[in-house]
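These notes are about the structure you will find just below.
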């Protein structure tokens with residue numbers, strides 16, 4: 122009941138923010154808030170994958186304005202012409218976004234005439250579906266009695282302990298290290314629930330894939346879920362590479378290109394009966410077109426003919442629907458893995474399916490109600506994630522403070538014998554790993570020998586190239602943070618300029634080294650969207666870095682979750698006399714930022730501002746401990 126109350130608080134806050142930024146504002150204000158692109162033009166129109174109408178859209182002005190449009194978001198195409206009631210918006214989904222261009226997939230077969238009149242724009246829409254499905258799941262769990270869901274609920278709530286079979290010591294895999302193998306053994310023995318705790322770079326996905334493959338030796342089919350489409354797609358990719366038949370549930374426009382062949386639409390199109398299905402659809406359309414040719418002023422004979430044509434169209438449509446349902450049902454039976462988001466597991470195609478095992482990846486980022494949607498279909502549940510990295514995104518401060526931010530993963534991981542932590546990381550130099558290891562993981566992580574001492578150029582005497590970690594301190598430089606006039610975000614333009622100057626010098630020195638010129642992957646991170654905008658603006662006009670642009674990604678912390686780069690720069694941004702650090706207080710997000718780099722991590726910030734917070738005070742102590750301190754003055758001239 123408490124969970125239901127908190128979810129309602131979150132929904133109301135989410136909708137309040139939407140109304141505040143969208144419904145009560147004109148186009149100019151919505152544009153400033155990043156919710157609208159206007160004006161736009163349609164560059165291309167085509168029938169896309171799955172028979173959906175696909176458009177390429179480009180905004181023609183205000184191209185430097187920040188926005189909240191991103192892949193998977195629900196949108197509407199609208200007209201700002203007069204007599205707006207005649208121009209009902211068309212709903213769709215963003216498939217892809219690239220600078221000032223969008224690829225969107227719409228829910229109509231053809232565009233209405235008003236599209237040709239111009240004055241077009243795109244709005245982000247509020248999506249209520251996920252809240253509806255989570256509420257239904259909560260009700261189902263609350264009312265469960267004398268069934269498996271009730272038993273799993275009692276295990277998760279601590280009413281009864283989880284049970285296990287005896288662990289098999291014979292279970293082995295040359296692909297897994299000792300801690301990964303222990304996780305596999307735990308999953309094999311679990312009757313109710315087991316947890317893989319995977320800190321950064323420890324091979325959580327590898328372990329999860331092997332656990333799924335092992336489970337399929339004794340089970341015909343499993344359900345694999347995650348709160349994000351990206352994580353689901355990654356698992357589909359890895360499982361497909363291992364020859365496991367996967368069905369990727371969900372709208373194809375929310376699926377990455379690499380796994381489109383796993384989607385239901387693709388599997389239906391590849392079926393031997395698909396030509397017959399297309400013929401039924403084509404005939405239905407032809408009959409309907411013929412029927413529409415009759416005018417209103419026709420006689421009894423013409424009326425009868427028209428009704429006959431409509432009847433034939435409906436008959437062909439029914440035949441097509443029956444055949445498509447048969448093909449679809451066949452796909453569900455043939456595959457070993459059905460994969461989807463947590464909310465996607467509410468799909469009506471899965472409404473009556475129960476699975477011996479349900480795997481939930483990135484469970485530490487999932488709201489508890491979303492997890493229950495999938496758990497309701499399970500006999501046992503395997504959770505994977507890291508509660509010390511990104512938490513779930515919650516918009517209501519009240520709901521978060523009262524417990525909605527505490528995930529099922531976090532509530533369960535401390536139960537005796539339920540979890541195994543993976544302890545060997547394969548991503549980063551041990552000095553880059555060091556602070557997070559001390560602060561978050563009790564010093565239990567071990568850097569694998571192949572990455573332990575990895576640097577950009579080991580034989581160089583240049584500190585930019587042979588040292589894996591630097592903190593560049595801007596204290597005393599008078600680099601003051603600036604609050605944006607159009608949104609509450611913060612930037613620090615001088616710190617951004619210093620970051621690019623440091624990067625430019627590093628890349629020049631790297632090119633002058635004796636290496637054969639290997640291409641480096643580079644990431645630039647800031648917790649603040651406005652700082653990201655400033656960095657991108659400076660980067661696009663930088664002469665020194667122009668040839669490296671293809672190697673550089675600039676994103677907020679959330680955008681780098683699950684990713685890695687050879688070089689990572691972090692712009693802490695905050696610099697003020699009051700020691701206010703805002704988003705930097707979210708230390709779990711900083712854990713993500715600090716663990717993305719493989720060979721070089723550069724953190725730039727004002728020590729005088731951040732040192733008053735215990736986390737950053739410890740961070741600065743670590744900086745001194747490993748001799749990583751640099752003054753900004755060393756790079757200003």
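In our numbering, the protein residues as written are 122 to 758. For each residue, glycine too, the CB sits at the ideal point set by N, CA and C. Keep in mind the model is a prediction, meaning the values are calculated, not measured.
The beta strand (DSSP E) runs of length 3 or more contained entirely in the region 132-207 are, from start to end of the chain, 157-168, 174-180 and 195-200. In the DSSP assignment, residue 285 forms a beta bridge with 311.
Boundaries of the beta strand (DSSP E) around residue 750: 750-752. With respect to the 8 Å criterion, residue 342 and residue 480 are not classified as neighbours on the basis of their beta carbons. Rounded to the nearest whole angstrom, the C-alpha separation of residue 612 and residue 705 is 13 Å. The C-beta separation of residue 506 from residue 319 comes to about 7 Å, placing the pair in contact by the 8 Å criterion. With a 10 Å radius around the Cβ and a threshold of 16 neighbouring Cβ atoms, residue 354 comes out buried. In the displayed model, residue 228 falls within coil according to three-state DSSP, outside both helix and strand. Taken through DSSP and simplified to helix, strand or coil, residue 582 comes out as coil. Your pair residue 541 and residue 317 checks out as a contact, with CB atoms roughly 6 Å apart and the cut at 8 Å.
The C-alpha of residue 690 is placed about 11 Å away from the C-alpha of residue 642. Relative to the Cα of residue 678, the nearest Cα in the group 715, 662 and 703 belongs to 715. In the three-state DSSP reduction, residue 216 falls in the strand class (E or B). The residues 344, 346, 463, 466, 479 and 481, in chain order, have a CB closer than 7 Å to that of residue 495 in the same chain once the five nearest residues on each side in sequence are set aside. For residue 690, the three-state secondary structure derived from DSSP is strand.
Per DSSP, residue 511 lies in no alpha helix (DSSP H) and is assigned neither H nor E. The region 193-200 makes contact with the region 241-250, as at least three CB pairs between them are under 8 Å.
Distance from the CA atom of residue 650 to the CA atom of residue 129, rounded to whole angstroms, is 28 Å. Here the region 735-751 does not lie against the region 569-576, with fewer than 3 beta-carbon pairs under 8 Å apart. A residue is called buried when at least 16 other Cβ atoms come within 10 angstroms of its Cβ; residue 432 does not meet this threshold and is exposed. 8 Å or more divides the Cβ of residue 701 from the Cβ of residue 548. Look at residue 254 here: in three-state DSSP terms it is helix. The count of Cβ pairs closer than 8 Å, one atom from the region 391-406 and one from the region 438-448, reaches three, so the stretches are in contact. If you draw a straight line from the Cα of residue 667 to the Cα of residue 627, it is about 14 Å long. When Cβ pairs closer than 8 Å are counted between the two stretches, the region 593-607 is seen to touch the region 725-736, the count reaching three or more. Residue 657 sits in a helix when the DSSP states are folded into three classes.
For the pair residue 616 and residue 692, the CB atoms are nearer than the 8 Å cut-off.
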